[in-house]
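Chemist: This is the structure I have questions about; it appears just below.
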Amino acid sequence: MSARLERFHHDGLTFDVHDSGPEDGDPVVLLHGFPERATSWRHVEPLLHAAGLRTYAMDQRGYSPGARPEGRSSYKVELLVGDVEALVRIIGRPVHLVGHDWGANVAWALTGQHPELIRTLTAVSVPHPAAFTAAMTSSDQALRSWYMLLFQLPRVAELSAQVGGGRVFERFLRNAGMDEEDVARVHREVVEDGALPHALGWYRGLPLSDRSVMGHSIQVPTTMVWSDGDVALARKGVELTERYCRSDYELVVLEGVSHWIPTHAPEALAEAILERVAGT
1 MSARLERFHH
11 DGLTFDVHDS
21 GPEDGDPVVL
31 LHGFPERATS
41 WRHVEPLLHA
51 AGLRTYAMDQ
61 RGYSPGARPE
71 GRSSYKVELL
81 VGDVEALVRI
91 IGRPVHLVGH
101 DWGANVAWAL
111 TGQHPELIRT
121 LTAVSVPHPA
131 AFTAAMTSSD
141 QALRSWYMLL
151 FQLPRVAELS
161 AQVGGGRVFE
171 RFLRNAGMDE
181 EDVARVHREV
191 VEDGALPHAL
201 GWYRGLPLSD
211 RSVMGHSIQV
221 PTTMVWSDGD
231 VALARKGVEL
241 TERYCRSDYE
251 LVVLEGVSHW
261 IPTHAPEALA
271 EAILERVAGT
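Position 193, counted from 1, in the sequence shown is what UniProt numbering calls 193; the numbers after and before it change by one each time, with no gaps.
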């Protein structure tokens, strides 16, 4: 694909894409997490472009204005994975896949199901889904994931972003290490733009999802990037991830970095991505 891709249609929805970098560069698909949009990659993208790579950062289901269906069943994991699969098939060649937070969860699932579409995988912050599940009963991961249960409650999280100017929701983000610039960006791009109820659908759709899509072993070269300042993801799941990777695997641990790796440590993340890409 040479022409710039600004949006694509799938499953009756319209997804926005930030397609940038050299038009003849190897394609890299960048998947954001909660509660961010494609702009979370703004510091990483130019570093990949400088190495000759073309990046596709999509606003995923619930975030793109044209892709905000109602109901939690519209946010089952298999549907989220299908959206990214559709993008890769439009690109028309296997891609290097990078996902942060929820984007990593989708990336693990897509790579496990369709290794023929993925050249390399770089998962950021979130371990393989099976490793994460195992860590829930063998570490403090369940305690760290308390907010996932809270998000199941209708309207509670939405109200936390509205009452008192959103102080409660913004405190949650700050406690997770987000700085003021990014808190303001989330407020502008997600809360004010009306995306938050749909973004929460990712959590609410999880109990309805087909868990088999998340259990596949990974057959492509993979790098796991985790930061020891992450309050949401315990090290145990990260350490267990290698069990589910059948190809070349590397763990990169960033010291003193919070959960928000793409914005807080873009140089280190880009280096990990480029090393993985160069290995192919």
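Ideal Cβ placement from N, Cα and C applies to all residues, glycine included.
If we ignore side chains and look at the alpha-carbon of each, how far apart do Thr-120 and Ala-109 end up?
Modeler: About 13 Å.
Chemist: Starting from the Cα of Ala-3, find the closest Cα among Val-17, Leu-200, Asp-11 and give me that residue.
Modeler: The shortest C-alpha separation from Ala-3 is found at Val-17.
Chemist: Work out the CA separation of Glu-85 and Val-220 for me, nearest whole Å.
Modeler: Approximately 16 Å between the Cα atoms of the pair.
Chemist: Just the Cα atoms here: how many angstroms apart are Ser-139 and Pro-262?
Modeler: Taking the straight line joining both Cα atoms gives about 26 Å.
Chemist: Tell me, which residues are paired with Tyr-56 by DSSP?
Modeler: For Tyr-56, which the question treats as bridged, DSSP gives the partners Asp-19, Val-29.
Chemist: Look up Gln-257 in the DSSP assignment and say whether it is helix, strand or coil.
Modeler: The amino acid occupying residue 257 in the given sequence is Val; Gln does not appear at that position. Val-257: coil per DSSP, three-state reduction.
Chemist: Please list the segments of the beta strand (DSSP E) lying wholly inside the segment 65-117, counting only runs of 3 or more residues, in order along the chain.
Modeler: Runs found: 95-100.
Chemist: Which of the three DSSP states is assigned to Ser-227 in this structure?
Modeler: Correct three-state label for Ser-227: strand.
Chemist: Tell me, please, whether the CB atom of Phe-169 is closer than 8 Å to any CB atom in chain B?
Modeler: Of the chains in the structure shown, none is chain B; there is only one protein chain.
Chemist: With distance defined between alpha-carbon atoms, name the residue in Ala-272, Cys-245, Val-253 nearest to Leu-111.
Modeler: Checking the sequence shown, residue 111 turns out to be Thr, not Leu. For Thr-111, the nearest C-alpha among the options comes from Cys-245.
Chemist: Taking DSSP's pairing of strands, which residues face Leu-251 in a bridge?
Modeler: According to DSSP, Leu-251 bridges with Met-224.
Chemist: Using 10 angstroms around the beta-carbon of Thr-223, count the other beta-carbons present and answer buried if the total reaches 16, otherwise exposed.
Modeler: Label assigned to Thr-223: buried.
Chemist: Cα separation between Phe-132 and Asp-26?
Modeler: In a straight line, the C-alpha of Phe-132 is about 31 Å away from that of Asp-26.
Chemist: Could you check the C-alpha separation between Pro-129 and Glu-242 for me, to the nearest Å?
Modeler: Answer to the nearest angstrom: the Cα atoms are 12 Å apart.
Chemist: Using a Cβ-Cβ cutoff of less than 8 Å, which residues in the same chain neighbour Ile-273 once the five nearest sequence positions on both sides are dropped?
Modeler: So the list reads Val-28, Val-44, Leu-48, His-96, Val-98, Thr-122, Thr-223, once near-sequence residues are dropped.
Chemist: Cβ atoms of His-100 and Gln-60: under 8 Å apart, would you say?
Modeler: Taking 8 Å as the Cβ cut-off, Gln-60 and His-100 do not qualify as a contacting pair.
Chemist: If we call anything under 8 Å between Cβ atoms a contact, is Phe-8 one with Leu-117?
Modeler: For Phe-8 and Leu-117, no; Cβs fall outside 8 Å.
Chemist: Should Val-190 and Pro-69 be called a contact, given that it needs their Cβ atoms to be closer than 8 Å?
Modeler: In this structure, Pro-69 does not lie closer than 8 Å to Val-190 by Cβ.
Chemist: Give the C-beta separation of Gly-177 and Trp-260 to the nearest angstrom, bearing in mind that I take them to be a contact with Cβ-Cβ under 8 Å.
Modeler: That pair is a contact at about 6 Å.
Chemist: For Tyr-56, which residues in the same chain have their Cβ closer than 8 Å to its Cβ, ignoring the five residues on either side in sequence?
Modeler: Answer for Tyr-56: Leu-5, Val-17, His-18, Asp-19, Pro-27, Val-28, Val-29, Leu-30, Leu-87, Ile-91, Val-95, listed in chain order.
Chemist: Distance check for Gly-82 and Leu-206, CA to CA, integer angstroms please.
Modeler: Leu-206 and Gly-82: Cα-Cα distance of roughly 15 Å.
Chemist: Thinking just about the alpha-carbon of each residue, which of Pro-127, Leu-269, Tyr-63 is nearest to the one in Arg-188?
Modeler: It is Tyr-63 whose Cα lies nearest to the Cα of Arg-188.
Chemist: Looking at the structure shown, is Ala-38 part of a helix, part of a strand, or coil, going by DSSP?
Modeler: Helix.
Chemist: DSSP puts Ile-218 in a beta bridge; with which residues?
Modeler: Paired residues: Cys-245.
Chemist: Arg-204 and Phe-151: beta carbons closer than 8 Å?
Modeler: Yes, the Cβ-Cβ distance between Arg-204 and Phe-151 is below 8 Å.
Chemist: Are the CB atoms of Arg-54 and Glu-23 within a distance shorter than 8 Å?
Modeler: Closer than 8 Å, so yes.
Chemist: Under the criterion of a Cβ to heavy atom distance below 7 Å, does Glu-158 qualify as lining the ligand HEM?
Modeler: As presented, the structure is devoid of all ligands, the ligand HEM included, so that no description of it is given.
Chemist: Can you tell me whether DSSP reads Leu-13 as helix, strand or coil?
Modeler: Three-state DSSP puts Leu-13 in a strand.
Chemist: For Met-178, report the span of its alpha helix (DSSP H) as first-last.
Modeler: Taken as a continuous stretch (DSSP letters only), Met-178 belongs to no alpha helix (DSSP H), as it is neither H nor E.
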